[in-house]
Amino acid sequence: MAMIDVVLGVDIGGTNTKYGLVDRGGKSIAQTSIPTNAHEPAANLIDRLHDGFTAMLSPLKATHVLRGIGMGAPNANFFRGTVENPPNLSWKGVVPVADMMRSHYDVPVALTNDANAAALGEMLYGAAKGMKNFIVITLGTGLGSGIVAAGELVYGADGFAGEIGHTMVDPDGRECGCGQRGHLETYASATGLCRTVGELLAMRRDDSPLRSVPPKDLTSRIVADAANAGDPIACEAFEVTGEILGMKLADSVAHLSPEAIILFGGLAAAGPLIFEPTARSLEEHLLPIFKNKVRLLPSALREGDTAVLGAAALIWNELLKQQKP
Ligand SMILES: [Zn+2]
Numbered sequence: 004m005a006m007i008d009v010v011l012g013v014d015i016g017g018t019n020t021k022y023g024l025v026d027r028g029g030k031s032i033a034q035t036s037i038p039t040n041a042h043e044p045a046a047n048l049i050d051r052l053h054d055g056f057t058a059m060l061s062p063l064k065a066t067h068v069l070r071g072i073g074m075g076a077p078n079a080n081f082f083r084g085t086v087e088n089p090p091n092l093s094w095k096g097v098v099p100v101a102d103m104m105r106s107h108y109d110v111p112v113a114l115t116n117d118a119n120a121a122a123l124g125e126m127l128y129g130a131a132k133g134m135k136n137f138i139v140i141t142l143g144t145g146l147g148s149g150i151v152a153a154g155e156l157v158y159g160a161d162g163f164a165g166e167i168g169h170t171m172v173d174p175d176g177r178e179c180g181c182g183q184r185g186h187l188e189t190y191a192s193a194t195g196l197c198r199t200v201g202e203l204l205a206m207r208r209d210d211s212p213l214r215s216v217p218p219k220d221l222t223s224r225i226v227a228d229a230a231n232a233g234d235p236i237a238c239e240a241f242e243v244t245g246e247i248l249g250m251k252l253a254d255s256v257a258h259l260s261p262e263a264i265i266l267f268g269g270l271a272a273a274g275p276l277i278f279e280p281t282a283r284s285l286e287e288h289l290l291p292i293f294k295n296k297v298r299l300l301p302s303a304l305r306e307g308d309t310a311v312l313g314a315a316a317l318i319w320n321e322l323l324k325q326q327k328p
């Protein structure tokens with residue numbers, strides 16, 4: 004019987020690290036998750052990953068062969084295979100994560116940030132199949148982005164291209180996690196939406212079920228539920244968020260002329276509440292030559308698998324490139 008080629012996809016998050024085996028067609032063979040233990044050194048996580056993965060692979064050894072390892076992590080540098088001063092992990096300085104994995108496995112290892120991995124996941128298995136120019140925006144705690152131009156992920160000169168979340172909306176605006184002010188992710192993210200709700204509640208006197216939610220407990224899901232039940236504050240918060248996001252995506256279209264922009268992540272799960280105002284604002288701010296051409300699409304990756312699939316797509320993409328003459 005022919006052996007089945009698989010890769011290991013690993014997604015290192017601030018709380019959990021997910022990993023799994025994925026075949027060439029994007030089928031998940033096995034998947035699990037371990038705590039990242041973000042306060043411990045990286046070597047501890049890599050050792051635990053190695054143990055878990057050995058246990059995962061051993062019953063499959065007779066039928067499956069490991070071809071490569073793809074990894075997604077915050078502040079990951081594709082060129083150097085390093086994670087550099089990650090915001091949600093206490094790892095200090097520049098950590099050679101790819102080399103640490105290579106010390107355990109004699110297969111190609113590739114590492115990039117989670118938004119870039121998501122973009123490759125959409126290109127190989129999701130909403131961007133067959134596309135050569137598109138942008139994936141991840142709307143979670145922050146705003147991440149992965150850009151594909153002419154069929155290639157854009158890494159830029161030093162591997163960090165695509166920080167659309169840290170482009171400017173208002174120089175005197177909200178404080179951003181990066182230390183500057185008024186960046187896009189302070190408005191267009193799950194956190195940004197909740198900040199907008201807080202501002203609207205302070206400015207308005209309208210009754211709203213959101214008034215009884217302590218600010219620290221507010222989530223984009225709660226705001227979406229309130230908006231779907233007709234709460235005007237929640238509805239306006241989505242309008243404001245979509246307006247700002249659409250305006251800045253029009254900037255990105257001017258830079259890149261993509262055929263589609265794919266919205267992904269927790270806030271994108273709010274569906275029409277976020278897609279409609281974003282699409283309207285995007286069209287409004289586009290240069291005439293781009294109007295009615297750029298599609299705004301939801302992710303087509305299976306929820307729950309997306310991070311591991313994206314990391315797997317990263318290494319499949321590298322392996323496919325090596326096969327080309
Ligand atoms: Zn910023």
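Count along the sequence shown from 1, add 3, and you get the number used in the working numbering. Positions of the beta carbon are idealized from the N, C-alpha and C atoms, including for glycine.
Would DSSP call G245 helix, strand or coil? helix
Do D300 and A263 have their CB atoms nearer than 8 Å? In the sequence as displayed, the identity of residue 300 is Leu instead of Asp. In this structure, A263 lies closer than 8 Å to L300 by Cβ.
So which residues put a beta carbon under 6 Å from any heavy atom of ligand 1, going in chain order? H169, C179, C181, Q183, H186
Whole beta strand (DSSP E) elements within the stretch 98 to 175, 3-residue minimum: 112 to 115, 137 to 142, 146 to 152
For L276, tell me which candidate among A205, V98, G124, P235 has the shortest Cα-Cα distance. P235
Exposed or buried, which one is F82 when buried takes at least 16 other CB atoms within 10 Å? exposed
Neighbourhood of E239 by C-beta, 7 Å cutoff - its chain only, sequence neighbours within 5 removed: L203
Compute the beta-carbon to beta-carbon distance between E246 and P280, rounded to the nearest angstrom, for a pair I have assumed lies under 8 Å. 6 Å
Cutting at 8 Å between CB atoms, please list the residues of its own chain near A153, excluding the five before and the five after it. K135, N136
Rounded C-alpha distance that separates K64 from M74: 21 Å
Since V9 and L69 should fall inside the 8 Å C-beta cutoff, what is the C-beta to C-beta distance between them, to a whole number of angstroms? 6 Å
Using a Cβ-Cβ cut-off of 7 Å (strictly less than) and excluding sequence neighbours within five positions of L11, which residues of its own chain qualify? Y22, L24, F56, L69, I72
For E242 and G84, what's the separation of their Cα atoms in angstroms? 39 Å
Sequence ranges, alpha helix (DSSP H) only - wholly within the stretch 191 to 264, length at least 4: 193 to 206, 223 to 231, 235 to 259
So, helix, strand or coil for E87, using DSSP? strand
Bridge partner(s) assigned by DSSP for A65: For A65, which the question treats as bridged, DSSP gives no partner whatsoever.
Going by DSSP, which residues form a beta bridge with R298? A263
Checking 8 Å against the spacing of the C-beta atoms, do G149 and A130 come in under that value? no
So does the stretch 278 to 292 actually touch the stretch 244 to 259, counting three or more Cβ pairs closer than 8 Å? yes
Cβ of I318 within 8 Å of Cβ of A113? yes
Which term fits I265, buried or exposed, when burial requires 16 or more other beta carbons within 10 angstroms of its beta carbon? buried
Quick one: is T199 buried, meaning 16 or more other Cβ sit within 10 Å of its Cβ, or exposed? buried
Euclidean distance between Cα positions of L146 and A5: 43 Å
Quick check: the Cα distance between L187 and R51, rounded to an integer number of angstroms? 36 Å
Would you report the Cα separation of A315 and G29, rounded to the nearest angstrom? 8 Å
Is it right to say M206 is buried, meaning 16 or more other beta carbons lie within 10 angstroms of its own, or is it exposed? exposed
Taking a contact to mean a Cβ-Cβ separation below 8 Å, would you say T194 touches T141 in this structure? no
Tell me which same chain residues have a C-beta within less than 6 Å of the C-beta of A253, skipping the five on either side of it? L285, H288, L289
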